[in-house]
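Visitor: Here it is, the structure, as C-alpha cells.
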Amino acid sequence: MPNADLPKEYLPHDVEGRLYESWVARGYFTVSPEGDRPAYTIVIPPPNVTGSLHMGHAFQHTLMDALTRRRRMQGYESLWLPGMDHAGIATQNVVEATMRSEGVTRHDLGRETFVERVWEWKAEYGGKILGQMRRLGDGVDWTRERFTMDDGLSRAVRTIFQRLYDDGLIYRAERIINWCPRCMTALSDIEVEHKEVEGELVSIAYGPLTVATTRVETMLGDTAVAVHPEDDRYRDLVGTTITLPLVGREILVVADEHVDPEFGTGAVKVTPAHDPNDFAIAQRHDLPAVDILNTDATLNDAVPEPFRGMDRFAARKAVREALAAEGLIVNERRPYLHAVGHCQRCSTVVEPRLSLQWFVKVEPLAKAAGDAVRDGRTTFVPKMWEKTYFEWVDNMHDWCISRQLWWGHRIPVWYCDHGHQVCAVETPESCPECGMTDLRQDEDVLDTWFSSALWPFSTLGWPDETADLERFYPTDVLLTGYDIIFFWVARMMMFGLYAMPDVPFRTVAITGLVRDGQGRKMSKSKGNVIDPLDFMERYGADALRFALARGANPGSDAAISDEWVEGARNFCNKLWNATRFALLSGADASAPLPPASELTGPDRWILSRLQRVVAQVDEAYEQYEFGALAQALYHFAWDELCDWYVELAKIPIAAGGAEADRTRAVLGHVFDALLRLLHPLVPFVTDALWPTLTGNESVVVAPWPVVDESRHDAAAETEVERLQAVVTEVRRFRAEQQVKPSAKLPAVVRADETFTAAYGTAIASLARLDLVAEAGEGWSTVTASGVEVSFDLSGAVDIAAERARLAKAIAAHEAEAKKLSGKLGNDAFVGKAPPAVVDETRQRLADAEGELARLRALLDALPA
RNA sequence: GGGCGCGUAGCUCAGCGGAACGAGCACUCGGCUUACACCCGAGCGGUCGCAGGUUCGAUCCCUGCCGCGCCCACCA
122 MPNADLPKEY
132 LPHDVEGRLY
142 ESWVARGYFT
152 VSPEGDRPAY
162 TIVIPPPNVT
172 GSLHMGHAFQ
182 HTLMDALTRR
192 RRMQGYESLW
202 LPGMDHAGIA
212 TQNVVEATMR
222 SEGVTRHDLG
232 RETFVERVWE
242 WKAEYGGKIL
252 GQMRRLGDGV
262 DWTRERFTMD
272 DGLSRAVRTI
282 FQRLYDDGLI
292 YRAERIINWC
302 PRCMTALSDI
312 EVEHKEVEGE
322 LVSIAYGPLT
332 VATTRVETML
342 GDTAVAVHPE
352 DDRYRDLVGT
362 TITLPLVGRE
372 ILVVADEHVD
382 PEFGTGAVKV
392 TPAHDPNDFA
402 IAQRHDLPAV
412 DILNTDATLN
422 DAVPEPFRGM
432 DRFAARKAVR
442 EALAAEGLIV
452 NERRPYLHAV
462 GHCQRCSTVV
472 EPRLSLQWFV
482 KVEPLAKAAG
492 DAVRDGRTTF
502 VPKMWEKTYF
512 EWVDNMHDWC
522 ISRQLWWGHR
532 IPVWYCDHGH
542 QVCAVETPES
552 CPECGMTDLR
562 QDEDVLDTWF
572 SSALWPFSTL
582 GWPDETADLE
592 RFYPTDVLLT
602 GYDIIFFWVA
612 RMMMFGLYAM
622 PDVPFRTVAI
632 TGLVRDGQGR
642 KMSKSKGNVI
652 DPLDFMERYG
662 ADALRFALAR
672 GANPGSDAAI
682 SDEWVEGARN
692 FCNKLWNATR
702 FALLSGADAS
712 APLPPASELT
722 GPDRWILSRL
732 QRVVAQVDEA
742 YEQYEFGALA
752 QALYHFAWDE
762 LCDWYVELAK
772 IPIAAGGAEA
782 DRTRAVLGHV
792 FDALLRLLHP
802 LVPFVTDALW
812 PTLTGNESVV
822 VAPWPVVDES
832 RHDAAAETEV
842 ERLQAVVTEV
852 RRFRAEQQVK
862 PSAKLPAVVR
872 ADETFTAAYG
882 TAIASLARLD
892 LVAEAGEGWS
902 TVTASGVEVS
912 FDLSGAVDIA
922 AERARLAKAI
932 AAHEAEAKKL
942 SGKLGNDAFV
952 GKAPPAVVDE
962 TRQRLADAEG
972 ELARLRALLD
982 ALPA
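Using my numbering, the first residue of the first sequence is number 122, and each one after it goes up by one.
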C-alpha cells in the first residue's frame with residue numbers, strides 16, 4: 122500500500138536536490154547509440170563559459186527539457202546534449218578585466234601564458250551555469266558534455282577549415298572590415314550593432330567641388346573625388362586633379378556609377394581605406410588607399426601634423442577647425458542623425474578599416490542553407506521566422522572569420538619564409554612546397570561562431586564516423602531565441618549542409634524573450650533583471666518552470682513576475698495535496714480500471730476528459746505550444762479533476778463498498794496519468810509523488826500516456842455538464858440570497874428519471890442540499906440544462922432581491938432572443954450560412970424563449 | 001531606407017470568419033465544507049487601436065491611418 126504520510130505542504134527544497142542526483146546516478150539521462158529505439162536529439166545552445174543562468178536560459182531549458190523528457194517517456198533514446206561555448210571575445214574581455222585590477226595586461230604575460238590563464242579561469246569560474254542547470258532539473262546527458270575548445274571539437278574546427286580552404290571557400294584578403302579599436306580586433310558584420318547617433322554632416326570645399334561627410338577626419342585619407350558619369354555639372358572635371366586640403370595631395374576626380382547625382386552635391390569624397398563603398402570605387406579606378414588609423418584608432422603617420430597621434434574623435438574636431446580656419450567649411454552646423462556601428466561586446470564605435478583578414482566565401486553555403494528551408498528539409502516554428510532567415514541568408518556578405526585575439530581556435534594556416542602558406546589539420550613539419558621546416562602559424566584565431574556552427578555534429582564526434590553521429594544526427598529540434606538566428610542558426614545550416622549529408626536539425630523552434638511583469642525587456646540598466654535562482658529559492662524549480670512554460674507562445678515574448686511564479690507554486694501545491702487526498706482515500710493506481718459499464722457517470726466523465734487532455738497535450742507538443750499544453754493541464758488538474766471529480770468521488774468513497782473500490786481505481790488511474798503528463802514540465806513534484814502513488818521507481822522513466830479511444834464518453838460528458846450547470850446555478854442563487862454556505866436546504870431535484878437517479882445525490886451534496894420527497898408550498902426553483910431544483914428557504918428569501926434577479930435574467934434573455942430572431946429573419950443568413958449554423962441558431966432561440974417563459978412565470982408567482 | 005511583429009478585461013496574454021467559453025493575476029462578496037486558506041464558492045470587468053472595404057456574417061480577411069516594439073541597412 123502506498124505511503125500516504127505526506128506533509129500538508131509541498132516543500133520543494135526537501136526533494137529537488139535529492140531527486141536530481143538520483144536521476145543522474147541511475148543514468149536516466151544517459152543514452153546509448155546501441156539498441157533499436159528511435160532516437161531523439163536536442164543539442165543545447167551552448168552557453169558562454171562566462172555566463173550564468175539567466176531567465177532566458179531558464180525559459181529555453183525548461184522547454185528543451187520538457188521536449189526530451191516527453192520523448193524519453195515515449196520510448197525514444199532521448200538525448201539532450203549539454204556543453205559550453207568558449208566565447209572568444211567575451212571571455213577574453215572578462216579575463217583581461219580581472220587582470221586589469223592586478224595591473225597586468227595580456228601583453229605582459231605573452232600569448233601562451235595568457236591562454237593558460239584563461240584555461241585556469243575557466244576551470245575555476247567557468248561553467249557556473251552547469252551547476253545551475255542541475256538546480257533547474259535539466260535532464261541532460263552529462264557523460265556527453267562538450268566544450269567548443271575540447272580537443273575533439275578543435276580538431277573538427279581545423280578539419281572543416283581545411284576542407285573549406287581546399288574548396289576555395291576560405292580565403293585571405295585585404296578588405297574593409299569592422300574594426301573595434303578597444304578589443305583591437307576585426308569583427309563580422311553581425312557583431313556590429315547600429316545605433317542612431319547625432320552627428321554632424323560637414324560639407325567641405327574641395328577646389329571647385331563640395332563634398333560632405335560625418336567623419337571629417339577621414340578626409341585625410343582621401344585619394345579621389347567621385348561624380349556620376351552622366352552628371353553634366355562635373356563632366357569637365359573628370360580626369361583632372363584637385364589638391365586635397367590640409368594634406369596637399371593631388372587627388373583625381375573620377376566618374377563612377379555608384380554616385381547618386383541627386384543626393385547632396387553629387388560629388389563624393391573617396392576614402393578607400395575607411396569606407397567599403399569607397400574601397401569598391403578605388404578598385405574600379407585603381408586608386409591608392411591611404412590607411413590613416415593605428416589599431417587603437419589614433420591617427421597614424423600617414424596624416425600630417427598636427428593630427429598625427431590624435432584620437433579619431435579629437436581629430437574629427439581638429440580637422441573641422443582647421444578646415445574652417447581656411448574657410449573651406451561650406452555649411453553651417455548641420456546636425457545629422459545617422460546609424461553608427463558599435464562593437465557588440467564593448468559598445469565602442471567601430472571603424473571600417475582596410476585590413477588583411479580571413480573570410481568565408483559565403484555564397485554557395487548560404488544558397489544551400491536557404492534551399493534546405495525552402496524545400497522543407499528544415500522548418501521553422503513559427504513559420505514566420507523563415508522570412509527573416511531568408512532575408513539574411515539571401516543577402517549575406519562574406520564572413521570575416523579572423524580575430525586578432527588570443528583566446529580561441531588558432532587559424533590552421535602556416536607560413537614559411539618563402540611566402541608559401543599551408544593549411545593543415547595537424548601542425549605540419551615542413552613546407553610542402555619548399556621543404557622549409559621553420560614554419561610560423563597564423564597569429565589570428567577564429568570567430569567564436571565558427572566553432573558554434575559545427576556544434577550539432579562536432580559534439581557527436583565529427584569528423585570521426587562515430588556511433589553517436591550515426592545515431593543522433595540530424596538532431597530533431599533546435600530551440601533558440603530569435604535574436605540568434607543570424608549568428609548561429611544560419612551558420613549551423615551552412616556548415617551542417619557542407620560537412621554532413623543532411624541538415625543539422627529538422628525543426629527550428631524559435632522562442633521569444635523573457636520580459637518582466639510589465640512586459641519590459643529585462644536589462645541591467647533598468648534594474649528589472651530577475652535571477653531565476655531567486656525564484657527557485659522562493660518557490661521551487663517546478664514553479665519557475667511551470668510559470669515559464671505557461672507563458673510560452675511560439676516565437677513571442679513571455680512575461681515573468683512574482684505573481685506568475687507564485688501562481689505556479691500554488692499549482693504545484695494543489696497537485697501535491699490532491700495527490701495526497703487520493704492517497705488518503707486509498708486510490709489504487711495498480712488496480713485494473715473497471716469497464717465503463719461498471720462505472721458511475723462521474724468516473725466515466727473524468728476518464729473521458731482525461732483522453733481529451735492527453736490528445737490536447739500531444740497536439741500542443743507537436744506544435745511547440747507550451748503555453749497551451751501547460752494551460753490544458755492546469756485546467757484539467759484544477760478545474761475538472763480537483764474541483765469536480767475529487768468532490769464527486771468523496772461520495773462513493775465515504776459510502777464504501779464495491780463502488781468505492783471502483784472509484785479508488787479510477788482515482789488512482791487518473792492521478793497516475795496526470796502526474797506523467799505533467800512530469801516533463803514539473804519533474805520534481807511529480808517524481809516526489811508518483812512513486813508513492815504507483816509503487817514504481819520513477820516517473821522519469823514511466824511511459825507517456827496514450828489516448829484510449831474506448832474511454833471517450835460523450836454521454837457522460839453531457840451529463841456531468843448538466844450537473845455542473847445546475848450545481849453552479851444553485852450555488853449562485855444561494856450566494857445571491859445570502860444563504861449561509863453551511864446551511865443545508867431541504868430540496869427536490871427534478872429531471873428525467875435516469876438523470877435524477879444517477880446524479881440527484883451528487884447534486885445535493887455539491888450544492889449543499891438535503892433531498893426530500895416532495896417540494897413544499899412556495900419553494901424557490903432554479904433551472905439549468907433541463908434540471909430543476911426546488912428548495913425551501915423557509916421565508917429567508919429576500920423577495921426584492923429575487924425579483925431583481927429574475928428581472929435581470931429576463932432582460933438578458935430578451936436581448937438574446939431578439940438578436941437571434943433578427944438573424945433568423947435575415948434571408949441571406951438562412952440561405953447562405955451552413956445549415957448546421959442555422960440549426961444551431963434556431964435551437965438557441967428556442968432555448969432562450971423557453972427559458973424566458975419560465976422566468977416570467979416565476980416572476981409572476983412571486984408574492985407581492 | 002528596407003523588412004517583420006504587435007495594439008482583445010485594471011495588468012500579462014490566449015483566441016484569429018460564425019454566440020467574446022476567454023485564462024492567470026488583480027478586484028468585490030461569502031466561507032476554517034474532514035486534500036489543500038499556496039484553499040473553497042459566487043461575482044464585477046471588454047464599442048476586440050481608429051476609419052473604410054469584402055462577406056449573409058469580421059476581433060479574426062483586404063486597404064489606409066494612429067500608436068508601440070524589434071530586426072536588417074556601405075547613400076556620402
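Heads up, the beta-carbon is just placed ideally off N, CA and C, and yes, glycines get one too. Note that this is a predicted model, so its numbers are computed, not measured.
1. Thinking C-alpha only, which one of 272, 594, 964, 265 is nearest residue 627?
2. Kindly indicate which residue of 308, 933, 332 has the alpha-carbon position closest to the one of residue 343.
3. Would you report the Cα separation of residue 784 and residue 706, rounded to the nearest angstrom?
4. Alpha carbon to alpha carbon, what distance is there between residue 533 and residue 282?
5. Measure from the alpha carbon of residue 604 to the alpha carbon of each residue in 134, 126, 177, then state which is nearest.
6. Could you give the distance in angstroms between the alpha-carbon of residue 925 and the alpha-carbon of residue 751?
7. To the nearest angstrom, how far is it from the Cα of residue 175 to the Cα of residue 269?
8. Between residue 588 and residue 154, which are expected to be in contact by the criterion C-beta below 8 Å, what is the C-beta distance as a whole number of angstroms?
9. Just tell me which of 412, 410, 304, 377 has its CA closest to the CA of residue 525.
10. Could you give the DSSP three-state label for residue 823: helix, strand or coil?
11. Looking at the structure shown, is residue 485 part of a helix, part of a strand, or coil, going by DSSP?
12. Would you mind sorting residue 718 into buried or exposed? The rule is 16 or more other CB atoms within 10 Å of its CB.
13. So which of 447, 144, 523, 218 has the shortest CA-CA distance to residue 309?
14. Between the segment 277 to 295 and the segment 345 to 358, do at least 3 Cβ pairs fall closer than 8 Å?
15. Is the distance from the Cβ of residue 828 to the Cβ of residue 797 below 8 Å?
16. Mark residue 137 as exposed unless 16 or more other C-beta atoms lie within 10 angstroms of its C-beta, in which case mark it buried.
17. Spatial neighbours of residue 377 within its chain, please: C-beta separation below 6 Å, excluding the five flanking residues on both sides.
18. Provide the residue(s) that pair with residue 462 in DSSP beta bridges, ordered along the chain.
19. Just checking my contact of residue 625 with residue 578 at CB under 8 Å: how many whole Å lie between their CB atoms?
20. What does the Cβ neighbour count give for residue 222, buried or exposed, with the cut at 16 atoms within 10 Å?
21. May I ask you to verify whether the segment 146 to 153 touches the segment 718 to 737, counting CB pairs closer than 8 Å and requiring at least 3?
22. Determine the contact status of residue 607 and residue 574, defining contact as a CB-CB distance below 8 Å.
23. Taking 8 Å as the cut-off, decide whether the C-beta atoms of residue 868 and residue 805 are in contact.
24. Taking the alpha-carbon of residue 758 as reference, which of 693, 301, 814 has the nearest alpha-carbon?
25. Rounded to a whole number of angstroms, what is the C-alpha to C-alpha distance between residue 236 and residue 483?
26. Is it a yes or a no for the segment 207 to 216 touching the segment 239 to 249, going by three-plus beta-carbon pairs under 8 Å?
27. Roughly how far, in whole angstroms, is the beta-carbon of residue 318 from the beta-carbon of residue 337, given that I think they are within contact range, below 8 Å?
28. Over what stretch of residues does the beta strand (DSSP E) that includes residue 896 continue unbroken?
29. Compare the C-alpha of residue 584 against each of 935, 142, 275, 329 and name the closest.
30. Quick one: complete alpha helix (DSSP H) runs, 4+ long, within the segment 462 to 539?
31. Taking residue 107 as the reference, give the member of 535, 778, 591, 791 with the closest Cα.
32. Could you check what DSSP says for residue 544 in three-state terms: helix, strand or coil?
33. Grab me the residues of residue 677's own chain with a C-beta within less than 7 Å of its C-beta, minus the 5 sequence neighbours each way, in chain order.
34. Please state whether DSSP places residue 706 in a helix, a strand or coil.
35. Can you give me the Cβ contacts of residue 375 inside the same chain, cut-off strictly under 6 Å, excluding the 5 residues immediately before and after it?
36. Between the Cα of residue 470 and those of 477, 478, 460, 476, spot the shortest distance and give me the residue it belongs to.
Guide: According to the structure shown:
1. 594
2. 332
3. 10 Å
4. 8 Å
5. 177
6. 41 Å
7. 21 Å
8. 4 Å
9. Taking only the C-alpha atoms, the option nearest residue 525 is 304.
10. coil
11. helix
12. Residue 718 counts as exposed, since fewer than 16 other beta carbons sit within 10 angstroms of its beta carbon.
13. 523
14. no
15. no
16. buried
17. 347, 402
18. 315
19. 7 Å
20. exposed
21. no
22. no
23. No. Outside cutoff.
24. 693
25. 30 Å
26. yes
27. Actually they are not in contact, since the Cβ atoms of residue 318 and residue 337 sit about 15 Å apart, beyond 8 Å.
28. Where residue 896 is concerned, there is no enclosing beta strand (DSSP E), given that its DSSP letter is neither H nor E.
29. 275
30. Here the runs fully enclosed are 484 to 495, 506 to 514.
31. Since the first residue of the chain shown is 122 and the last is 985, residue 107 is not available in this structure.
32. strand
33. 633
34. Of the three classes helix, strand and coil, the one that applies to residue 706 here is coil, per DSSP.
35. 345, 347, 406
36. 460
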